[in-house]
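In my numbering, the protein residues as written are 4 to 202.
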Amino acid sequence: MNERKTENRIESYPYWEIGERLPSLPEGRIERLYTHWSAHDYESVFPAYHFCIAAMPDGRILVVNTHDVRENMRDIGEHPDRPYAAHTRGRNSFAIGLSAMAMQGATPHDFGEYALTQPLIDGLCLVAAQLAATYGVPIDAEHVMSHAEAALHDGYFGNADEQRWDIARLAAEPRPLVDRDAIETGERLRERMRFFQIP
Ligand SMILES: [Zn+2]
4 MNERKTENRI ESYPYWEIGE RLPSLPEGRI ERLYTHWSAH DYESVFPAYH
54 FCIAAMPDGR ILVVNTHDVR ENMRDIGEHP DRPYAAHTRG RNSFAIGLSA
104 MAMQGATPHD FGEYALTQPL IDGLCLVAAQ LAATYGVPID AEHVMSHAEA
154 ALHDGYFGNA DEQRWDIARL AAEPRPLVDR DAIETGERLR ERMRFFQIP
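Have a look at this one:
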């Protein structure tokens, strides 16, 4: 049995099923969205993100609001000691982090026991589209990016321990991970978000 700490349990937070209307979210300044995977199992959620997308054994996809968006509606650098969701290094001010719960033990060549799935990717992109519409964030490469793209800009892209490559591939491939994986997959995710975009 996998024992989870309270902060990693879905029931500790507000949550809803994908496709249901997004509950009303706090108004305020959000300028960017960052997409991630958790590098853990399908059901452990993390307050380092604002929204976690989790796949249940019965097939339901749940959206879990693990962190109050208001804590990131500020310049984090002014008061780094105050609480906020630390999802993307150096990029947490006025920014939401959302993440697919998956990819524990994954490598670019073998996604392992908790591989990303199409329902998880679609869930992530639908929630991103809903958040973009709510906060007026344009779905382009400057305002909506994966952690891998942010890491590429900031010099820590890769699959070594101190590097990040979420979400640079949607499926495992035998060839080595390269910068273009981050860029091309980032664009595919944004295309999917635009497909879901709420007018
Ligand atoms: Zn990440």
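All C-beta atoms in this analysis are idealised placements derived from N, C-alpha and C, irrespective of residue type, glycine included. Just so you know, these numbers come straight off a predicted model, no measurement behind them.
Task: Meets three-Cβ-pair contact criterion under 8 Å: the region 155–170 and the region 58–76 - done: At 8 Å Cβ cutoff, the stretches do not touch.
Task: Inter-residue spacing [alpha-carbon to alpha-carbon] between residue 1 and residue 187 - done: The displayed coordinates of the chain run from 4 to 202. Any statement about residue 1 would go beyond what the structure contains.
TODO: Output the distance between the C-alpha atoms of residue 148 and residue 6, rounded to the nearest integer angstrom.
DONE: 33 Å
Open item on the list: Quick check on DSSP: helix, strand or coil for residue 37?
Closed with: strand
Open item on the list: ligand 1 and residue 169: does any heavy atom of the ligand fall closer than 6 Å to the residue's C-beta?
Closed with: yes
Task: For residue 18, the residue or residues it bridges with in DSSP - done: 67
Open item on the list: Let me make sure I understand the geometry here. Which of 175, 17, 28, 132 has the alpha-carbon closest to that of residue 111?
Closed with: 175
- [ ] Please find out if some non-hydrogen atom of ligand 1 comes closer than 6 Å to the beta-carbon of residue 150.
- [x] yes
Task: Whether residue 196 touches residue 132 by CB criterion (7 Å) - done: yes
Task: C-beta atoms of residue 104 and residue 151 nearer than 7 Å - done: No, Cβ-Cβ distance for residue 104 and residue 151 is not below 7 Å.
Task: Rounded separation between residue 161 and residue 181 - CA only - done: 8 Å
Open item on the list: Tell me the rounded alpha-carbon separation between residue 199 and residue 83.
Closed with: 35 Å
TODO: Might you give, ordered along the chain, the residues of its own chain that have their beta carbon closer than 8 Å to the beta carbon of residue 177, omitting 5 neighbours on each side?
DONE: Excluding residues up to 5 positions away in sequence, 112 lie with their Cβ nearer than 8 Å to the Cβ of residue 177 in the same chain.
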